[in-house]
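Residue numbers (my numbering): -5 to 152.
For glycine and all other residues, C-beta sits at the position ideal for the given N, C-alpha and C.
Every value quoted in this text rests on a predicted model; they were computed, and no experiment measured them.
Everything on this sheet refers to the single structure shown next.
Next comes the structure, spelled out in structure tokens:
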């Protein structure tokens, strides 16, 4: 018996690229419907603060969870996520006070601003995706991460 996929997991998947599971693509599923892939204002790549786990829209916190987003590693302060805006709108929001803002807290005026950003990202390279690459340093015995997004996660909106 297979588990029924819900939320963003119906449309996107994490494709592992190495045996450790820390280098991967977050990309559309092969069976993702074309009308979903061609929805220019639905999916957006965002950055957010590791300690937040949320983004701020219209002074409300929206937590990124497995239904509305696919997040990259939590081992860096500035994290990356692919967000399904239709699912995010369904999420419960919480009041936000600016005094809790951290260095990488992402704040947006409203959902329209996010939809414009999603459209700009889609116009760059179609349905957004990104790759997380883990680089291991043998001298320091440390792993560092970098990202190869299909677009700039924080494109200026005209």
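Determine whether the beta carbon atoms of residue 72 and residue 99 lie at a separation below 8 Å. The residue you call residue 72 lines up with position 78 of the chain shown. The residue you call residue 99 lines up with position 105 of the chain shown. Remark: C-beta atoms of residue 72 and residue 99 do not approach each other more closely than 8 Å.
In whole angstroms, give me the CA-to-CA distance for residue 141 and residue 127. Counting from one through the chain shown, the residue named residue 141 turns up at place 147. Counting from one through the chain shown, the residue named residue 127 turns up at place 133. Spanning the two alpha carbons is a distance of roughly 6 Å.
Which residue wins for smallest C-alpha separation from residue 105, given the options 79, 64, 48 and 94? Walking along the chain shown from the start, residue 105 turns up at place 111. Of the candidates 79, 64, 48 and 94, the one whose C-alpha sits nearest the C-alpha of residue 105 is 79.
Skipping 5 residues on each side, what residues in its chain have a beta carbon closer than 6 Å to that of residue 121? The residue you call residue 121 lines up with position 127 of the chain shown. For residue 121, where only same-chain residues beyond five positions count, the Cβ hits under 6 Å are 22 and 31.
Please report how far the alpha carbon of residue 112 lies from the alpha carbon of residue 132, in whole angstroms. On the chain shown, residue 112 is found 118 positions in, with the first residue counted as 1. On the chain shown, residue 132 is found 138 positions in, with the first residue counted as 1. Counting only the Cα atoms, residue 132 lies some 38 Å from residue 112.
Do you know whose CA, among 145, 48, 103 and 137, lies nearest residue 118's CA? One-based indexing of the chain shown puts residue 118 at position 124. Checked all of 145, 48, 103 and 137; the closest Cα to residue 118 is 145.
By the 10 Å Cβ neighbour count, where 16 or more other Cβ atoms means buried, how is residue 28 classified, buried or exposed? The residue given as residue 28 occupies position 34 in the chain shown. Answer is exposed; the Cβ neighbour count stays below 16.
Assuming residue 1 and residue 109 form a contact by the criterion Cβ under 8 Å, report the distance between their Cβ atoms to the nearest whole angstrom. On the chain shown, residue 1 is found 7 positions in, with the first residue counted as 1. On the chain shown, residue 109 is found 115 positions in, with the first residue counted as 1. The Cβ separation is near 18 Å, so there is no contact.
Please report how far the alpha carbon of residue 53 lies from the alpha carbon of residue 90, in whole angstroms. For this step, residue 53 is matched to residue 59 along the chain shown. For this step, residue 90 is matched to residue 96 along the chain shown. Approximately 5 Å, taken between the alpha carbons.
Which same chain residues end up closer than 6 Å to residue 75 when comparing Cβ atoms and leaving out the 5 residues on each side of it in sequence? Numbered from 1 along the chain shown, position 81 holds the residue referred to as residue 75. Around residue 75: 40, 58, 63 and 65.
Sequence-distant residues of its chain with Cβ nearer than 8 Å to residue 139 (five each side left out): Reading the chain shown from its first residue, position 145 is the one you call residue 139. Correct list, in chain order: 16, 66, 67, 69, 70, 126, 127, 128 and 129.
Considering Cα atoms alone, identify which of 13, 8 and -2 is closest to residue 24. The residue you call residue 24 lines up with position 30 of the chain shown. Closest option to residue 24, Cα to Cα, is 8.
Relative to the C-alpha of residue 50, which residue among 33, 61, 87 and 36 is closest? What you label residue 50 is simply residue 56 of the chain shown in a count that begins at 1. If we check each option's Cα against that of residue 50, 87 comes out closest.
Could you please give me the residues that DSSP links to residue 49 through a beta bridge? On the chain shown, residue 49 is found 55 positions in, with the first residue counted as 1. Per DSSP, 56.
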